[in-house]
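*Asks:* For the sequence shown, position 58 (counting from the first letter as 1) is numbered 57 according to numbering that gives the first Met the number 0, and the numbering increases by one without interruption. Where is the CB? At the ideal position from N, CA and C, for every residue including glycine. All values derive from a computational prediction rather than experimental measurement.
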Amino acid sequence: MKPFQASAAYATDLQLAYDYFKLGGPRAAERFWERYERAWASIRAQPESCRLRLSGWRQKAVPQSSYAIFYRETPAFWFLGGVLSTVQDPDLLQARLLIREVGAGDLGTSQRGDPR
């Protein structure tokens with residue numbers, strides 16, 4: 000199985016999401032973390048289980064939240080684009096992921112949006 004590589008912003012995204020839930024109390028933040036861990040374990044076990052979107056990204060929802068893990072396949076590894084709230088303009092969301100992808104350098108992808 001291919002390894003996973005996170006974008007430079009991935010850890011910050013996760014911390015921001017955790018901090019958002021922490022506003023509801025420490026237990027709310029811990030519940031979010033537990034649900035995130037289950038979603039992440041699911042991706043690690045079967046990264047191809049989430050539907051490939053036309054943009055080339057896959058998305059795994061973090062249950063009982065508006066957050067999702069966005070990732071895509073490259074020839075050498077799975078690129079983790081971010082943990083982002085899905086309650087925002089989809090075009091803005093795609094732009095943020097594209098900026099992160101470009102910032103990561105050549106990921107060896109053939110064409111953007113090519114659903115191979």
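1. Rounded to whole angstroms, how far is the Cβ of Y70 from the Cβ of F78, which I believe are closer than 8 Å?
2. May I ask you to verify whether the segment 95-105 touches the segment 5-20, counting CB pairs closer than 8 Å and requiring at least 3?
3. Less than 6 Å between C-beta atoms, sequence neighbours within five positions excluded: which residues of the same chain meet that for Y17?
4. Tell me the rounded alpha-carbon separation between E72 and W56.
5. Alpha carbon to alpha carbon, how far is I42 from L53? Give it in angstroms, no decimals.
6. In whole angstroms, what is the alpha-carbon distance linking Q110 and V101?
7. With a threshold of 7 Å between beta carbons, is A60 in contact with chain C?
8. So what's R99 in DSSP terms, helix, strand or just coil?
9. Report the rounded CA-to-CA distance for A103 versus W39, giving the unit in angstroms.
*Replies:* If we stick to the structure as given:
1. Locating residue 70 in the sequence shown gives position 71, where the first residue counts as 1. Locating residue 78 in the sequence shown gives position 79, where the first residue counts as 1. Between Y70 and F78, the beta carbon gap of about 6 Å places them in contact (Cβ cut-off 8 Å).
2. Yes: the two stretches touch, three or more of their Cβ pairs being nearer than 8 Å.
3. Start at 1 with the first residue of the sequence shown, and residue 17 comes out as number 18. For Y17, where only same-chain residues beyond five positions count, the Cβ hits under 6 Å are A28.
4. Counted from its first residue, the sequence shown places residue 72 at position 73. Counted from its first residue, the sequence shown places residue 56 at position 57. A straight-line Cα-Cα distance of about 8 Å links E72 and W56.
5. Locating residue 53 in the sequence shown gives position 54, counting from the first residue. Locating residue 42 in the sequence shown gives position 43, counting from the first residue. Their backbone Cα atoms lie some 19 Å apart in a straight line.
6. As a position in the sequence shown, residue 110 is number 111, starting the count at 1. As a position in the sequence shown, residue 101 is number 102, starting the count at 1. Confidence at Q110 is low in this model, with a pLDDT of 34, below 50, so its placement is unreliable and the value that follows should be read with caution. Whole-angstrom Cα-Cα distance: 13 Å.
7. Of the protein chains in the structure, only one exists, and it is not chain C.
8. Here residue 99 refers to the residue found at position 100 of the sequence shown. Here R99 carries a helix assignment [DSSP, helix/strand/coil].
9. Indexing the sequence shown from 1 puts residue 103 at position 104. Indexing the sequence shown from 1 puts residue 39 at position 40. Cα to Cα, A103 sits roughly 21 Å from W39.
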